[in-house]
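Line order of the protein sequences matches chains A and B.
Under our numbering, the first residue of the first sequence is numbered 1, with each subsequent residue one higher.
Under our numbering, the first residue of the second sequence is numbered 118, with each subsequent residue one higher.
Idealized CB from N, CA, C, for every residue including glycine.
Keep in mind that this is a model prediction, so the values were computed, not measured.
A short write-up of the structure that comes next.
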Amino acid sequence: GAVVSQHPSRVICKSGTSVKIECRSLDFQATTMFWYRQFPKQSLMLMATSNEGSKATYEQGVEKDKFLINHASLTLSTLTVTSAHPEDSSFYICSARDHTDFYNEQFFGPGTRLTVL
Amino acid sequence: AQSVSQHNHHVILSEAASLELGCNYSYGGTVNLFWYVQYPGQHLQLLLKYFSGDPLVKGIKGFEAEFIKSKFSFNLRKPSVQWSDTAEYFCAVNKGAGTALIFGKGTTLSVSS
């Protein structure tokens, strides 16, 4: 089955630093990847849609200069949280869509727990 | 605004009880519908999905869901739950290939043995 990985699984950083999270589709090519944020005991909130070779589309209220998304290849998208602050602490999850999949299924990564001190 | 509503925040059942989790969406037009499960400490897994055809869809682990277009609903059911079904359940929709999923707030299911 289709597998999506994320790295790192957990990261702790100091306030003001930047953190990069990688999302990889391991056994399929993904023209589109999505980044979500999940707060404790809450649902996943879509942050942005990442398309290979083009700029990401951000949801309303998501700062594109703070959450930099790069989708340079068909198997890798990165989310960089710039100048992180404690309020950015959250669980970040990516999903990837197999562009050959007619049925539009998305496959989710295991998530990255970010803690900003 | 487009939204997905899950009516039950926390459901507590005994093993062998029947389960029904409600999900309503507010999109117009054609939608794709999904139920995902998130076991403690694990990532989201697809339980079942509906794109077209038979509105009663069967998924993994004995789950099924029924799409009722007139009610904008896609309720999840299981006739007899097990302790291992304890998890968070999310209903989600999207409007077509390549579009993002919009999730409901989730329902926590606790099953006691």
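Whole-angstrom Cβ separation of residue i and residue j, contact assumed at under 8 Å?
i              : j              : result
T82 (chain A)  : S9 (chain A)   : T82 (chain A) to S9 (chain A), Cβ: 21 Å. No contact.
L165 (chain B) : T224 (chain B) : L165 (chain B) to T224 (chain B), Cβ: 15 Å. No contact.
S15 (chain A)  : L117 (chain A) : 6 Å
T80 (chain A)  : N51 (chain A)  : In fact, because the Cβ distance is near 17 Å, the residues do not count as touching under 8 Å.
S73 (chain A)  : C94 (chain A)  : The Cβ separation is near 14 Å, so there is no contact.
I185 (chain B) : P172 (chain B) : 7 Å
Is it right to say residue i is buried, meaning 16 or more other beta carbons lie within 10 angstroms of its own, or is it exposed?
i              : result
Y92 (chain A)  : buried
H85 (chain A)  : exposed
W152 (chain B) : buried
H71 (chain A)  : buried
T100 (chain A) : exposed
D98 (chain A)  : buried
W35 (chain A)  : buried
S187 (chain B) : exposed
Q155 (chain B) : buried
G111 (chain A) : buried
Which one of the options has the shortest CA to CA distance from residue i?
i              : options                           : result
N141 (chain B) : B:S230, B:I219 and B:Q162         : B:I219
G170 (chain B) : B:T216, B:N149 and B:S230         : B:N149
F39 (chain A)  : A:E63, A:I21 and A:E87            : A:E87
I129 (chain B) : B:T203, B:G213 and B:K195         : B:T203
T216 (chain B) : A:R37, A:I12 and A:A48            : A:A48
S125 (chain A) : A:Q60, A:E59 and A:R37            : No answer is possible for residue 125 (chain A): the residues shown for chain A start at 1 and end at 117.
A182 (chain B) : B:H160, B:Y206 and B:Q199         : B:Y206
L231 (chain B) : B:G146, B:P157 and B:H124         : Outside the shown range of chain B, which is 118 to 230, sits residue 231 (chain B), and nothing can be said about it.
Q119 (chain B) : B:S227, B:L226 and B:N211         : B:N211
A2 (chain A)   : B:Q162, B:L226 and B:P157         : B:Q162
K41 (chain A)  : B:F191, B:A209, B:W200 and B:H127 : B:H127
Per DSSP, what are the beta-bridge partners of residue i in this structure?
i              : result
N125 (chain B) : None; N125 (chain B) has no bridge partner.
Y58 (chain A)  : A:A48
L136 (chain B) : B:K195
Q162 (chain B) : B:V154
Are the beta-carbon atoms of residue i and residue j separated by less than 8 Å?
i              : j              : result
S122 (chain B) : S229 (chain B) : no
S43 (chain A)  : G221 (chain B) : yes
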